[in-house]
Amino acid sequence: MQNIPQKGEFAKAIRSAFVPEDGYVFVSFDYSQIELRILAHLTGDAALVDAYSKGLDIHTQTASKVFGVPEEDVDSKMRRMAKAVNFGIIYGLSAYGLSRDTGVNPKEAQIFIDKYFATYGGVKTFIAETVEEAKRNGFAKTIFGRKRFISDIKSRNRTVAMKGERVAVNTQMQGSAADIIKVAMLNCDKYIKENKLDAHLILQLHDELVFEVRQELADSFFPAVKDIMESAASLRVPLSVNGSTGKNLGELK
Numbered sequence: 389m390q391n392i393p394q395k396g397e398f399a400k401a402i403r404s405a406f407v408p409e410d411g412y413v414f415v416s417f418d419y420s421q422i423e424l425r426i427l428a429h430l431t432g433d434a435a436l437v438d439a440y441s442k443g444l445d446i447h448t449q450t451a452s453k454v455f456g457v458p459e460e461d462v463d464s465k466m467r468r469m470a471k472a473v474n475f476g477i478i479y480g481l482s483a484y485g486l487s488r489d490t491g492v493n494p495k496e497a498q499i500f501i502d503k504y505f506a507t508y509g510g511v512k513t514f515i516a517e518t519v520e521e522a523k524r525n526g527f528a529k530t531i532f533g534r535k536r537f538i539s540d541i542k543s544r545n546r547t548v549a550m551k552g553e554r555v556a557v558n559t560q561m562q563g564s565a566a567d568i569i570k571v572a573m574l575n576c577d578k579y580i581k582e583n584k585l586d587a588h589l590i591l592q593l594h595d596e597l598v599f600e601v602r603q604e605l606a607d608s609f610f611p612a613v614k615d616i617m618e619s620a621a622s623l624r625v626p627l628s629v630n631g632s633t634g635k636n637l638g639e640l641k
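Just add 388 to wherever you are in the sequence shown, counting from 1, and you've got my numbering.
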């Protein structure tokens, strides 16, 4: 199911082939920008924490700060650049990578990345400290304390070592997100069993959970599970869950 397309000409038609049992519907829940929220939590960066605490559009805010324009003047190209950097930083985005993804030249891409780190200084400090700690210990940890050992980070080959550095930083975001959704799955399962609900968790796709739920239960099931998932971890910023209901996977948003 990880390989079922979500975008493209035939995506909806393919996803519509997956249907629940008669009398049931699919109810989907998806964590919104969970890795960026974890980044805000781990870095404690004031601008990131403030944006998520106030429910602001982080991509528009980043574009506004980096391009030096009011948020209302941020256009789609600016926001797309900001979005690429916001998510790309987690994966060790380079100027070349940003240039490839957005079409700007590498020099402009590097200027944008430099401005990003000037805006979110806490992120730059966090990355440097995370890399140094991983070099010292040989592993990186998620917010729940799960360790990922990274032998590459001590390699004398700079290319290999840089890959290890990216893994160290990424582990804290992706690994922590994986931990949170597993806690959410356990808590949802407990809720279903304790209340003897006619509902079943059938899919976990990245940051999304899909349940097959008796149709008449869907309206009450949705807010209860949304609350459970948003309470799966206590962070500096709120977790946010979006969701939808459909008669097949293609109808889910």
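The C-beta atom is built at its ideal place from N, Cα and C for all residues, glycine as well.
Local conformation of residue i per DSSP, three classes
| i | result |
| --- | --- |
| Ser-543 | coil |
| Ala-405 | coil |
| Val-462 | coil |
| Ile-531 | coil |
| Val-598 | strand |
| Asn-558 | helix |
| Asn-575 | helix |
| Ala-506 | helix |
| Arg-624 | coil |
| Phe-398 | coil |
| Lys-641 | coil |
| Leu-486 | helix |
| Ala-619 | The residue you asked about is not Ala; residue 619 is Ser in the sequence shown. Three-state result, Ser-619: coil. |
| Asp-410 | coil |
| Gln-643 | Past the edges of the chain, shown from 389 to 641, lies residue 643, and the structure says nothing about it. |
| Val-548 | helix |
| Gly-563 | helix |
| Ile-422 | helix |
Distance between beta carbons of residue j and residue i, contact taken as under 8 Å
| i | j | result |
| --- | --- | --- |
| Phe-406 | Asn-636 | 6 Å |
| Thr-450 | Tyr-504 | 7 Å |
| Asp-567 | Thr-518 | In fact, because the Cβ distance is near 17 Å, the residues do not count as touching under 8 Å. |
| Met-561 | Ile-426 | 5 Å |
| Thr-448 | Val-462 | 5 Å |
| Asp-489 | Ala-470 | The pair is not a contact, with the Cβ atoms about 12 Å apart (cut-off 8 Å). |
| Ile-616 | Ala-565 | Actually they do not touch by this definition, with Cβ atoms about 16 Å apart. |
| Phe-414 | Gly-634 | 5 Å |
| Val-625 | Val-437 | 6 Å |
| Thr-547 | Ala-528 | Between Ala-528 and Thr-547 the Cβ distance is about 19 Å, and since that is not below 8 Å, they are no contact. |
| Glu-409 | Glu-639 | With 8 Å as the limit, Glu-409 and Glu-639 do not qualify as a contact, their Cβ atoms being about 16 Å apart. |
Sheet register partners of residue i (DSSP bridge)
| i | result |
| --- | --- |
| Ser-416 | Val-598, Ser-632 |
| Gln-592 | Leu-597 |
| Ala-587 | Val-601 |
| Phe-537 | Phe-527 |
Checklist entry - Between the region 608 to 618 and the region 396 to 414, do three or more beta carbon pairs fall short of 8 Å? => result These segments do not touch.
Checklist entry - Counting pairs of Cβ atoms below 8 Å between the region 551 to 562 and the region 535 to 543, do you hit three or more? => result Yes, they touch.
Checklist entry - Does the region 427 to 443 come close enough to the region 480 to 487 to have 3 or more Cβ pairs within less than 8 Å? => result A contact between stretches requires three or more CB pairs, one per stretch, nearer than 8 Å, and the region 427 to 443 fails this requirement with the region 480 to 487.
Checklist entry - Quick one: any contact between the region 484 to 500 and the region 410 to 422, if contact means 3 or more CB pairs under 8 Å? => result Below 8 Å, too few C-beta pairs join the region 484 to 500 and the region 410 to 422 to call them touching: fewer than three.
Checklist entry - Considering only residues of the region 425 to 477, which uninterrupted alpha helix (DSSP H) runs meet the minimum length of 4 residues and lie entirely inside it, listed in chain order? => result Counting whole runs of 4 or more residues, the region 425 to 477 contains the alpha helix (DSSP H) stretches 434 to 441, 446 to 455, 464 to 476.
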